[in-house]
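For reference, the structure discussed in these notes is given below.
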Amino acid sequence: MDVLITILINTAICAGISAWFWLRRSKNTTVKAGENIQKQKTVDTLADVLEKLSCKYEIDEKKESISFIFQGEHFIAYDLNDDNLFITIADTWWYESPLDDIDNLALMRRAVNDCNFNSPATLLYSINNENKTVGLHTRITILWLQQIPNIKDYLIAILNQLLRCHHLFFDKMEELRRLDHKSSK
């Protein structure tokens, strides 16, 4: 009986040591595989996805941003730093209004505030003093990792969200015009 217990204990110890080595080896292999995936640069990962979407794009000289066209709209992706897990995508100057149209500027400000409250993307405006216009831009900061499953569909969803902001803004502007017109009667 003592021999049987000794054999069982020794078998359990051997099985435990074997399992420990197997788990350790398995864990190291997984880490090494993850390291290989991470070697592609952020800018290259984004360029690969844009190629799959058949988007025309241009990488800046410093490889810190990519300008590209999606569904006829001009976008720029920046903050493409390999140490950062996030990138920012912006759609710039997609709406302009004259600086001297005070009524439209007031509506625009209200519509921008409403859109910023109801959308994951942010609407911004800037003034072009040369042309005496105010322009609208949309931007969003997103997680960008090579390991994201269906990364192509992920980018399409993000870009579509930015384009939805156009519609949300124009719908809000129209709603505000109707309300202002109705209240002035």
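The sequence shown begins at 825 in my numbering and counts up one residue at a time.
All C-beta atoms, glycine included, are put in the ideal place defined by N, C-alpha and C.
Predicted model only: the values in this text are computed from it and were never measured.
Exercise. Got a sec? Which residues, its chain only, sit under 7 Å from residue 867 by beta carbon, not counting five neighbours each side?
Worked result: 883, 887, 890 and 904
Exercise. Which residues share a DSSP beta bridge with residue 889?
Worked result: 902
Exercise. Quick one: is residue 893 buried, meaning 16 or more other Cβ sit within 10 Å of its Cβ, or exposed?
Worked result: exposed
Exercise. Looking at the C-beta of residue 957, does it have a partner C-beta in chain D at a distance below 7 Å?
Worked result: Reference to chain D is not applicable here, since this structure consists of a single protein chain.
Exercise. Whole-angstrom Cβ separation of residue 957 and residue 1000, contact assumed at under 8 Å?
Worked result: Not confirmed; about 20 Å, so no contact.
Exercise. Using DSSP with H/G/I as helix, E/B as strand and the rest coil, what is residue 1008?
Worked result: helix
For this session: Classify residue 998 as helix, strand or coil using the three-state DSSP reduction.
Result: helix
Exercise. Where DSSP assigns a beta bridge to residue 940, which residues make up the other side?
Worked result: Per DSSP, none; premise fails for residue 940.
For this session: Measure the alpha-carbon distance for residue 986 versus residue 909 and round it to whole angstroms.
Result: 20 Å
For this session: Mind checking which residues open and close the alpha helix (DSSP H) that includes residue 969?
Result: Here residue 969 belongs to no alpha helix (DSSP H), and DSSP marks it neither H nor E.
Problem set entry | Proximity winner among 964, 865, 954 and 928, relative to residue 1002 (alpha-carbon distances) | 928
For this session: Quick one: using the 10 Å Cβ neighbour count with 16 as the cut-off for buried, is residue 917 buried or exposed?
Result: exposed
Problem set entry | Cβ contact (3+ pairs, closer than 8 Å) linking the segment 974-993 and the segment 932-939 | yes
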